[in-house]
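Step one of this worksheet: look at the structure below.
Residue numbers (the UniProt record's numbering): 1 to 498.
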């Protein structure tokens with residue numbers, strides 16, 4: 001059909017171009033939905049001088065066959081043929097009332113039907129120019145009828161579990177076909193089926209399959225139908241019936257002798273709700289001080305060893321019966337004393353505070369020790385052990401205004417093999433030195449054994465493995481420059497101190 005319509009359009013275009021100024025103006029394509037109204041425009045542009053229009057004919061071209069739709073004649077009037085008579089009319093009143101003006105012969109289709117889809121030709125018969133015509137392609141769409149439904153108002157989760165169709169989504173009698181998708185958090189599978197109807201429409205059907213369970217109960221399932229860019233959504237909520245899911249609550253692992261007010265409660269999640277609860281003690285009977293109210297066991301009086309055992313709760317609904325179990329053991333003393341948690345929290349908080357205080361005190365103590373050491377070292381520097389650029393007389397003892405004599409050449413001072421201290425010399429190889437004639441150095445005899453030397457800061461000295469080599473500088477003339485101290489030491493007024 002499309003090939004025939006295209007050929008006719010080409011021939012008509014060539015025919016219009018071959019005319020001598022007369023043109024039939026039409027839209028190339030038109031569309032509408034079933035049941036709607038559509039206009040097929042046809043306007044004749046006359047030449048100058050004008051030609052005479054003797055008749056206008058509308059024809060339907062389908063599968064290479066022409067069928068007259070409507071005819072208008074200035075003398076004979078308007079004629080709409082069957083089966084279009086009830087649904088086709090001329091738009092302009094001048095045409096409808098048989099007036100002489102036939103320049104605009106647009107027709108209107110009402111209550112459009114799928115069978116109206118075809119090519120339509122508007123042909124002008126003129127004198128003396130002959131026939132002039134053009135064509136329009138009419139497409140008819142069909143809005144699908146969408147519907148979503150549950151396969152059953154009640155879905156039962158059976159054992160063993162297996163997949164089943166829970167919902168169906170349909171887009172019926174659509175043209176062109178619709179696209180169906182599912183939107184849900186339920187894990188499942190979708191199947192699709194297309195059926196082409198005799199009138200040219202297509203019905204699309206999709207089924208959604210899930211494994212019914214407690215998790216799928218009250219879950220939302222949405223069908224999305226897309227038709228020519230339009231989204232149509234419809235949702236259902238699954239109602240899944242399932243056996244009870246049972247759990248026993250109340251035993252906290254801390255049932256001890258003489259504890260008061262203990263109980264066990266049988267919790268069951270079920271659809272429909274549980275109608276019967278049954279309690280029992282495995283390998284025995286329930287204690288005599290037990291009171292049963294609905295789904296709860298109340299133990300009257302203090303806890304005794306008789307309450308120990310395995311408790312079983314059977315919960316039954318219309319779908320089936322499921323069981324919950326709990327093992328109860330009794331201890332002599334509480335494993336978690338009352339308010340223990342609060343006490344632990346308080347202890348923890350107090351521990352944090354005390355720890356912070358101790359840490360602060362320790363930090364202050366460390367700072368104080370470091371400060372004391374620093375000040376102590378500075379104080380020692382000013383008690384004769386001066387850290388100057390040039391040190392004279394290692395121990396600081398001498399006659400007032402004089403310096404001890406030094407040996408004429410350097411000596412090697414041996415050290416004991418087991419000495420790890422500051423390598424103090426045990427013996428001087430020569431008797432050179434000074435004679436303490438004016439002062440009494442008996443109490444300072446050990447100090448007199450120390451070598452006297454000067455050391456420039458930054459000056460490098462080479463030492464053998466077990467001997468200390470040093471060289472004495474010439475004796476400086478500083479007798480007038482020295483000042484005696486109360487502790488017996490002598491310092492120079494020209495020294496620089498750090």
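Glycine included, each C-beta is placed from N, C-alpha and C at the ideal position.
Proximity of residue i and residue j at Cβ, strictly below 8 Å
| i | j | result |
| --- | --- | --- |
| residue 42 | residue 29 | no |
| residue 107 | residue 78 | no |
| residue 105 | residue 122 | yes |
| residue 500 | residue 166 | Outside the displayed span of the chain (1 to 498) sits residue 500, for which this structure offers no information. |
| residue 279 | residue 330 | no |
| residue 73 | residue 59 | no |
| residue 149 | residue 168 | yes |
| residue 223 | residue 180 | yes |
| residue 516 | residue 81 | No information on residue 516 is available, as it lies outside the stretch 1 to 498 that the chain covers here. |
| residue 251 | residue 366 | no |
| residue 248 | residue 311 | yes |
| residue 265 | residue 289 | no |
| residue 213 | residue 162 | no |
| residue 51 | residue 128 | yes |
| residue 54 | residue 126 | yes |
| residue 201 | residue 142 | yes |
Cα-Cα separation between residue i and residue j, rounded to whole angstroms
| i | j | result |
| --- | --- | --- |
| residue 117 | residue 133 | 20 Å |
| residue 314 | residue 246 | 8 Å |
| residue 262 | residue 253 | 12 Å |
| residue 244 | residue 322 | 6 Å |
| residue 297 | residue 335 | 23 Å |
| residue 309 | residue 216 | 36 Å |
| residue 228 | residue 33 | 12 Å |
| residue 204 | residue 221 | 18 Å |
| residue 31 | residue 119 | 11 Å |
| residue 62 | residue 137 | 10 Å |
| residue 196 | residue 172 | 10 Å |
| residue 85 | residue 56 | 17 Å |
| residue 305 | residue 210 | 49 Å |
| residue 374 | residue 364 | 15 Å |
| residue 27 | residue 170 | 36 Å |
| residue 219 | residue 194 | 28 Å |
| residue 286 | residue 257 | 18 Å |
Local conformation of residue i per DSSP, three classes
| i | result |
| --- | --- |
| residue 103 | coil |
| residue 221 | strand |
| residue 292 | strand |
| residue 276 | strand |
| residue 306 | helix |
| residue 34 | coil |
| residue 41 | coil |
| residue 359 | helix |
| residue 374 | helix |
| residue 318 | coil |
| residue 9 | Interpretation of residue 9 is limited by its pLDDT of 45, a score under 50 that renders its predicted location unreliable; no figure is taken from the coordinates. |
| residue 367 | helix |
| residue 301 | coil |
| residue 138 | strand |
| residue 22 | coil |
| residue 332 | coil |
| residue 27 | coil |
| residue 270 | strand |
| residue 282 | coil |
| residue 46 | coil |
Status (buried if at least 16 other CB within 10 Å, exposed otherwise) for residue i
| i | result |
| --- | --- |
| residue 276 | exposed |
| residue 225 | buried |
| residue 283 | exposed |
| residue 22 | buried |
| residue 187 | exposed |
| residue 174 | buried |
| residue 241 | buried |
| residue 65 | exposed |
| residue 271 | buried |
| residue 48 | exposed |
| residue 178 | buried |
| residue 385 | For residue 385, the predicted model reports a pLDDT of 45, less than 50, meaning its position is unreliable; a value from the coordinates is still stated below. Label assigned to residue 385: exposed. |
| residue 110 | exposed |
| residue 238 | buried |
| residue 184 | buried |
| residue 317 | buried |
| residue 307 | buried |
| residue 303 | buried |
| residue 370 | exposed |
Neighbour flag for residue i against chain C, beta carbons, 8 Å
| i | result |
| --- | --- |
| residue 201 | No chain C appears in this structure, which consists of one protein chain only. |
Review point. At which residue ranges does the stretch 48-127 contain complete alpha helix (DSSP H) runs of 4 or more residues, listed in the order of the chain?
Key: 93-96
Review point. Can you give, in chain order, each stretch of the beta strand (DSSP E) that sits fully within the UniProt domain "Ig-like" (144-239) and has at least 3 residues?
Key: 145-150, 164-174, 179-184, 189-196, 202-210, 220-227 and 230-237
Practice item. Mind listing, in chain order, the continuous beta strand (DSSP E) runs of no fewer than 3 residues lying wholly within the stretch 240-268? Key: 240-249
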